[in-house]
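So for the sequence shown, this note's numbering puts the first residue at 10; every next one is plus one.
Note that the Cβ used here is the ideal one computed from N, Cα and C, for glycine as well.
Quick caveat: nothing in here was measured; it's all calculated off a predicted structure.
Below is one structure, written out as structure tokens, with a few remarks after it.
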Amino acid sequence: MANNIKVSKEDFKRYMNECPKIAWIFHSINNFKHVIELKNKKIIETHYKVSLDNEEDWDTSSGFNAIDLYSDLLEKSDNELTKSELAQKEILIKQMEDINGFEISGLPAETIVDGNAVGEAAREYFIEELYKENIKNKTNYEYLDFQEKSYQESIEETKEALRDNKIKYLFEPSFEYMNEMLKVRCDILINHGNRHVTIVEFKASTTSKAVHFFDVMYQKKVLEKNGYIIDDVKIGLINKNYVRGIGIDENRSNFSIIWRKLDFEKDIKPFLNNLFIPKSDESDLNYKQLIRITTKLETSKKDVGINEMIIGMEENGFDFDEKILEISKYFQNSENIFSKECEKVAFEYAKKSYKMKKAICHHVVPYYDKEKFNLYELTSFKPKAAIIHSRKSDNVYIENISNFKDELFFDKNKLLFGQDELRILQNVKSYLKNGSLSPAEIIKENSYDTLINLLKDYYKYPVYMYDFETVKWAVPKYDNSWSYEQIPFQYSIHVINNPDYDFNDPKNTMEHLNFIANKQEDPRPEFLFNFVKNCFAYGPGIYVAYNKSFERSVIKNLIYSYPEFSAPLEFIYNNTIDLMEFFKKAKNNWIIYHPNFRGSYSIKKTQPALDHSLSYKDLKINKGDKASQTFRQFLDNVIDQQEYEIILKEDMLKYCDRDTLAMIVVLQRVVDIVKQYNPDFIKDINRLLEEEKNV
């Protein structure tokens with residue numbers, strides 16, 4: 010066994026829960042660099058998007074491309090990297106050498122800070138529990154913290170501590186097995202005496218997931234190999250219903266807005282005349298309420314205990330030692346990266362068992378030119394694209410597909426293309442053949458009435474185009490906030506008062522209002538005051554967001570936390586429409602589609618495809634996550650007030666302002682397309698508006 014490659018906890022988790030190829034890539038920095046080399050030589054291409062913990066599920070596109078992000082950091086010389094990127098590179102290399110293995114994160118510091126904050130909260134929770142137990146039972150149990158110890162020191166001292174029945178809690182104890190082939194550092198270990206222990210693994214998450222299962226499974230097996238008896242395994246989480254400064258509110262996560270008719274003159278105007286900045290406090294955390302510990306695998310519909318599932322898998326043939334040797338052997342062969350298939354565990358919860366589920370791998374595929382129109386760029390289509398690519402490599406390119414219903418495109422007797430994909434394929438084929446598309450091709454067939462019905466709302470002036478920037482913490486930072494709440498700190502609003510707006514001349518054809526918080530305190534009170542005031546600056550109107558589920562979720566949370574502002578906020582919430590509906594609707598997608606959308610609904614794709622003259626390239630801060638990261642560092646005092654005011658604030662304002670101007674571009678070009686399709690469309694708009702008035 011001494012010659013076998015080490016298998017870390019993170020290796021095991023990725024191999025079992027994601028994809029063996031991904032596990033191979035992130036096993037070592039050498040493997041990672043080898044994959045970068047293969048990509049640069051145009052031998053392979055990778056698709057691996059990592060989702061980040063987030064309570065809200067409105068944005069299915071959230072996450073980041075880990076391989077691309079990390080390769081940028083490793084390929085560039087230190088001289089080519091910014092100060093922030095250098096720090097990220099240092100963290101990346103350090104994490105790849107961690108004894109638990111490399112845990113993939115967003116690397117921008119907030120992910121790591123959140124993990125540390127949850128770890129600190131976990132320790133405080135158990136220290137409080139220990140104190141209460143000792144008082145209640147007149148005992149003198151102690152805890153030991155190995156955080157600052159080296160791995161080797163921790164190994165020996167952990168063994169000693171577990172022989173001492175006075176030591177109840179061990180923080181970050183270490184264990185090894187198979188001549189250091191397996192190493193693990195636990196978060197919390199509860200010592201019951203006589204070699205009996207309970208494992209508690211903490212996660213900066215609100216729900217226990219399958220990936221957490223393999224985390225504690227690995228820990229349990231390593232400890233059992235060291236002769237310990239595992240009484241139970243648990244996952245420590247953040248309670249999503251804990252509201253800082255208030256306590257547990259079980260209804261918080263189910264809070265919803267009940268529609269009510271609001272009259273501007275009676276319900277809103279009096280409030281605006283007496284507008285005020287609400288108070289904000291920052292009280293101590295209640296660790297007992299913040300922390301939630303579960304023994305269950307909560308992503309299953311069955312009521313399945315984590316330890317039960319581990320035992321059940323072993324009773325049904327799972328052998329940990331054999332699996333570790335299998336993974337180690339897999340890591341020794343770099344040719345595995347070229348295999349067509351991959352597999353991962355599929356749980357059979359009712360049987361407390363499992364099976365290995367094989368599939369064509371879409372994470373690592375043969376090289377293809379991403380610049381060409383291809384199947385991988387279709388929304389949520391990568392697994393199906395990989396099936397087609399594996400059968401005939403040329404057919405990954407849309408230009409090479411002649412018959413969309415060829416048997417090549419069937420799997421298990423079902424056509425791989427749905428209606429959305431067929432619309433895009435036909436659209437792209439026509440574009441490649443003719444070099445352009447007519448308005449009749451850009452607009453979905455038989456969808457003119459739907460399109461006009463959407464468009465009519467943009468003729469109800471004033472039209473407020475608005476966009477938020479937000480920040481979040483795993484451990485709530487301010488009173489009246491909770492884990493992963495999207496806390497707004499900035500907005501931009503472009504206001505259209507008539508149909509003569511022009512994004513090329515915004516100063517003379519529309520109004521613009523914006524705000525960004527500038528104090529190192531809860532940004533919501535000042536945000537609320539200014540946002541509500543600005544949203545009625547030109548009277549009540551129609552409010553427009555791009556992907557309104559996000560902005561409306563932020564407003565809903567503000568209504569929960571500041572009920573005194575409910576009337577104006579509900580008015581905005583109820584009258585917010587979604588600019589993205591021209592492209593994405595629940596049952597009628599792609600009413601408008603241009604091939605240069607490249608299968609994406611994102612405004613970062615749709616706006617430049619419709620008009621590329623407006624760009625973000627001149628901005629220092631040109632992504633929402635970068636803006637959020639920067640402002641969080643300011644609130645966490647990583648960036649001081651002077652640096653923020655002098656260097657960063659102006660760039661952040663420019664970024665958010667550009668977002669709402671991009672929304673104007675989208676609307677303006679959609680109107681142009683409709684006008685080309687039907688020069689008299691405005692008559693239809695006016696007819697619909699008149700009908701609406703008479704209802």
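Going by alpha carbons, who is nearest to residue i out of the options?
| i | options | result |
| --- | --- | --- |
| Val206 | Thr215, Thr216, Lys212, Cys195 | Cys195 |
| Asp173 | Glu151, Phe155, Met187 | Glu151 |
| Asp511 | Gln435, Gln677, Lys469 | Gln677 |
| Cys2 | Gln642, Cys544, Asn523, Lys542 | Because the chain in this structure spans residues 10 to 704, residue 2 falls outside the shown range and cannot be described. |
| Leu417 | Ala394, Asn283, Glu166, Phe477 | Ala394 |
| Tyr571 | Asn282, Thr639, Asp290 | Asp290 |
| Val127 | Ala483, Gln616, Ile286, Phe340 | Ala483 |
| Leu464 | Lys270, His372, Asp693 | Asp693 |
| Ser456 | Lys401, Phe591, Ala368 | Phe591 |
| Asp293 | Thr303, Ser265, Asn703, Asn489 | Asn489 |
| Asn295 | Tyr440, Glu701, Glu138, Ile238 | Glu138 |
| Ser337 | His371, Lys658, Met187 | Met187 |
| Asp668 | Phe690, Arg641, Lys626, Gln650 | Lys626 |
| Met318 | Thr304, Tyr653, Phe426 | Thr304 |
| Ser214 | Leu299, Arg204, Lys528, Lys230 | Leu299 |
| His372 | Glu380, Ala359, Tyr358, Ser399 | Ser399 |
| Val209 | Lys192, Lys218, Thr216, Lys229 | Lys229 |
Sort out for me which residues DSSP pairs residue i with in a bridge.
| i | result |
| --- | --- |
| His503 | Met474, His521 |
| Phe9 | Any property of residue 9 remains undetermined from this structure, which presents the chain solely from 10 to 704. |
| Tyr552 | Tyr473, Thr585 |
| Cys28 | Paired residue(s): none; Cys28 is not in a bridge. |
| Gln151 | Residue identity differs from the one stated: residue 151 is Glu in this sequence, not Gln. Ile176, per the DSSP bridge assignment. |
| Phe419 | Leu424 |
| His221 | Paired residues: none, contrary to the question. |
| Cys351 | Ala368 |
| Asn383 | Tyr406 |
| Pro515 | Partner(s): none; Pro515 has no beta bridge. |
| Lys305 | Gly314 |
| Ala395 | Bridge partners of Ala395: none, in fact. |
Taking DSSP as the reference, what is the three-state secondary structure of residue i?
| i | result |
| --- | --- |
| Ala483 | coil |
| His43 | helix |
| Val705 | Nothing about residue 705 can be reported from this structure: the residues present for the chain run from 10 to 704 only. |
| Leu425 | coil |
| Asp66 | Here the model assigns Asp66 a pLDDT of 36, short of 50, so the residue's position is not dependable and the matter cannot be decided. |
| Thr55 | strand |
| Val374 | strand |
| Ser183 | strand |
| Ile336 | helix |
| His603 | coil |
| Ile267 | coil |
| Leu198 | strand |
| Leu441 | helix |
| Gly321 | helix |
| Val193 | strand |
| Phe769 | Any answer about residue 769 is impossible in this case: the structure gives the chain only from 10 up to 704. |
| Phe73 | Residue confidence for Phe73 is low, a pLDDT of 42 falling below 50, so the modelled location carries little weight and cannot support an answer. |
| Pro497 | strand |
| His205 | strand |
| Ser114 | Low per-residue confidence applies at Ser114: pLDDT is 48, beneath 50, and the placement is therefore not dependable enough to give any value. |
| Glu708 | In the structure as shown, the chain begins at 10 and stops at 704. Residue 708 is therefore absent and cannot be evaluated. |
| Ile452 | strand |
| Phe580 | helix |
| Ala213 | coil |
| Ala546 | strand |
Taking CB distances under 8 Å as the criterion, tell me whether residue i reaches chain B.
| i | result |
| --- | --- |
| His372 | Judged by its chain identifiers, the structure shown contains no chain B, having just a single protein chain. |
When you compare the region 482-500 with the region 527-545, are there three or more beta-carbon pairs, one atom per stretch, that lie closer than 8 Å? yes
Using 8 Å as the Cβ pair cut-off and three pairs as the minimum, do the region 215-223 and the region 18-31 touch? yes
Could you tell me whether the region 419-436 touches the region 458-478, using the rule of 3 or more Cβ pairs below 8 Å? no
Taking 8 Å as the threshold, find out whether the region 198-205 comes into contact with the region 178-185 through three or more Cβ pairs. yes
Under 8 Å, with one C-beta from each stretch per pair, do the region 440-460 and the region 685-698 reach the 3-pair mark? yes
Inter-stretch contact at 8 Å, needing at least 3 Cβ pairs: the region 307-319 / the region 251-258: no
Can we say the region 665-674 touches the region 438-448, given the rule of at least three CB pairs closer than 8 Å? no
Ranges of the beta strand (DSSP E) found wholly within the region 234-269, counting only runs of at least 3: 238-247
Count the CB pairs spanning the region 558-578 and the region 540-550 that are closer than 8 Å, and state whether there are at least three. yes
Given 8 Å, three or more beta-carbon pairs between the region 642-654 and the region 582-599: no
With a threshold of 8 Å, are at least 3 pairs of Cβ atoms found where one atom belongs to the region 363-370 and the other to the region 346-355? yes
Measuring CB atoms only, is the region 231-247 touching the region 36-46, in the sense that at least three cross pairs come out at less than 8 Å? no
I'd like to know if the region 554-568 and the region 259-275 are in contact, where contact means that at least 3 CB-CB pairs between them fall below 8 Å. yes
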